[in-house]
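Residue 1 is where the sequence shown starts when you use UniProt numbering, and the numbers rise one by one after that.
We put the CB at the ideal spot given by N, CA and C, even for glycine.
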Amino acid sequence: MNGPILVTGATGTLGRAVVRRLLDDGQEVRVLSRRPRPAGDHEPYDWATGDLRTGAGIDAAVAGVPAIVHCATTGGRGDIAATRLLTEVAGRREGDPPHLVYISIVGIDRVNFFYYRAKLAAERVIESSGLPWSTLRTTQFHDLIALITEAQGRLPAANFSISGARFQPIEVREVAERLVELATGEPAGRVPDMGGPEIRTHTDLARVYLESVGRRRRVLPLRLPGRVFRDLRRGGNLTPDRAVGRVTFEEYLKERKGRKKAPGVG
Ligand SMILES: NC(=O)c1ccc[n+]([C@@H]2O[C@H](COP(=O)([O-])OP(=O)(O)OC[C@H]3O[C@@H](n4cnc5c(N)ncnc54)[C@H](OP(=O)(O)O)[C@@H]3O)[C@@H](O)[C@H]2O)c1
């Protein structure tokens, strides 16, 4: 590619994997973070400090990039404004507009959850931005299931699971690989969804996680009220026809035990 590929959300779970994959493929990379570059980070990427809420630093971040992999998330409705800001700044910069590659979530149009409504609106912002674009929807990452189960470890006595809900978790590096393929290719619009290799109950996944970290806790399935849980029980978050991921939750857990965190994002 001609110039570095910008990765927003580069310090996050997905962004780190995207950066690693780009570097391994020999691509030039620019990372975006609200924070300054950490001491001891000598990875071969440019570091752009900027904030998609305020717009500070975003002009410099998008200058000269042929493509942007947009992984940043504010965790809520802020994603709509942040995505709009990114598309506006990228659209008015000098030269050809960059190819914007967006990561979205399977079932955002079926599960009535505030975050999913924001993702759907952010997809629409990109589609109508005038920029060349590609959007990939995936199921939940293995890391998210692990994070939620781990966080519940602080509850007294037991973990709980969403009774009737199933998940199809996917390895984030497989998602990163696909995003890099998209970013280094022609704009493709909405591409086929990606789901993990197995559909498992939430209860099952939580039990497997606890067992892998050696915690002897019960998992209590709770039947939770509300639209979000109803939509999950109906499988709105799943894509059985697109179970293209290869790494299972058990394989992820096994590999995770041996990992060490290095400075920087790669
Ligand atoms: N997690 C899942 O299971 C899953 C599944 C499918 C799709 N996705 C999508 O994948 C994307 C990445 O998810 P993730 O779990 O990797 O996220 P994450 O780990 O929570 O990382 C969020 C990133 O967003 C950046 N960020 C937050 N606010 C920002 C702001 N105002 N300006 C610039 N950057 C900002 C953070 O960077 P700094 O703190 O360094 O600024 C951080 O790197 C999201 O769009 C999410 O919807 C996630």
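- Cβ-Cβ distances below 8 Å link Pro-97 to Ala-90, Gly-91, Gly-130, Leu-131, Pro-132 in the same chain, with the five nearest sequence neighbours on each side left out; the list follows chain order.
- The continuous alpha helix (DSSP H) containing His-142 extends over residues 142-152.
- According to DSSP, residue pairing for Thr-203 in a beta bridge does not occur.
- Under the Cβ criterion (8 Å, minimum of three pairs), the stretch 35-45 does not count as touching the stretch 64-82.
- Per DSSP, the continuous alpha helix (DSSP H) segment holding Leu-253 begins and ends at 249-257.
- A heavy atom of ligand 1 is found nearer than 7 Å to the CB of Thr-8.
- In the displayed model, Ala-63 falls within coil according to three-state DSSP, outside both helix and strand.
- Remark: the shortest separation between the CB of Ala-48 and any heavy atom of ligand 1 does not fall under 7 Å.
- Counting only the Cα atoms, Thr-49 lies some 25 Å from Thr-135.
- Nearest to Asp-204 by alpha-carbon distance, out of Leu-220, Val-19, Thr-8, Val-191, is Leu-220.
- As summarised for the UniProt domain "NAD(P)-binding" (9-143), the continuous beta strand (DSSP E) elements at least 3 residues long and confined to that stretch are 29-33, 46-49, 67-70, 99-105, 133-138, given in chain order.
- The beta carbon of Val-172 lies closer than 8 Å to those of Thr-13, Leu-14, Ala-17, Phe-141, His-142, Asp-143 in the same chain, with the five residues before and after it left out.
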